[in-house]
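Numbered by my numbering, the letters in the sequence shown go through residues 203 to 315 in order. See below for the structure under consideration.
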Amino acid sequence: MYYGNIKYYDIANGDGVRTSLFVSGCNHHCKGCFNKESWDFEYGKFFDSEALENISKSLEPEYISGLTILGGEPLDYKNINIVHAIILYIKEKHQEKTIWIYTGYTYEELVGR
203 MYYGNIKYYD IANGDGVRTS LFVSGCNHHC KGCFNKESWD FEYGKFFDSE ALENISKSLE
263 PEYISGLTIL GGEPLDYKNI NIVHAIILYI KEKHQEKTIW IYTGYTYEEL VGR
């Protein structure tokens, strides 16, 4: 999986101060999308263990509310397994932090998979 950006100290994508991971790749291609470069599944940098550790470390301060995962499309079939692994890792290390995911899928589309 690739990612376009990691924003530390983000206040625009969820409650409080957060770390935001912008996942690459999206098949929705929504009209009016302001982030079309993120449609490419190989846009940006390869997500590796160093990126995961940087995210985890950024969540250590008490004033950081949690992690937001957005994109692109984090729940696309090409991204979902890595995103799931990230969530499990972060929940294990930072149980008190919240995790938000922004997706273009509806609830019905997700549970129908």
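Each residue gets a CB set at the ideal place from its N, CA and C atoms; glycine is no exception. Keep in mind the model is a prediction, meaning the values are calculated, not measured.
Review point. Measuring CB to CB, does residue 205 end up less than 8 Å from residue 253?
Key: Contact annotation: residue 205 and residue 253 have beta-carbon atoms nearer than 8 Å.
*Sequence-distant residues of the same chain with beta carbon closer than 6 Å to residue 302, five excluded per side*: Once the five neighbours on either side are set aside, the close Cβ partners of residue 302 are 216 and 270.
Residue 264 to residue 256 span [Cα, whole Å] | Note on geometry: alpha-carbon atoms of residue 264 and residue 256 lie some 16 Å from one another.
So what does residue 302 bridge to, in DSSP terms? Looking at the DSSP output, residue 302 shares a beta bridge with 270.
Q | Secondary structure of residue 295, DSSP reduced to three states | A | Residue state, collapsed to three classes: helix.
Residue nearest to residue 221 in terms of C-alpha spacing, selected from 275, 294 and 266 = Looking from the CA of residue 221, the closest CA among 275, 294 and 266 belongs to 266.
Exercise for review: Over the uninterrupted alpha helix (DSSP H) stretch that includes residue 208, give me the two end residues.
Suggested key: Looking at the DSSP string, residue 208 is not in any alpha helix (DSSP H); the run it does join, the beta strand (DSSP E), is 204-212.
When the cut-off is 8 Å and only beta carbons count, does residue 295 lie next to chain D? No chain D is part of this structure, which consists of one protein chain only.
(Q) Tell me which residues share the same chain as residue 295 and place their Cβ nearer than 6 Å to its Cβ, disregarding the 5 neighbours each side in the sequence. (A) Non-local C-beta neighbours of residue 295 in its own chain, meaning closer than 6 Å and more than five positions away in sequence, comprise 258, ordered along the chain.
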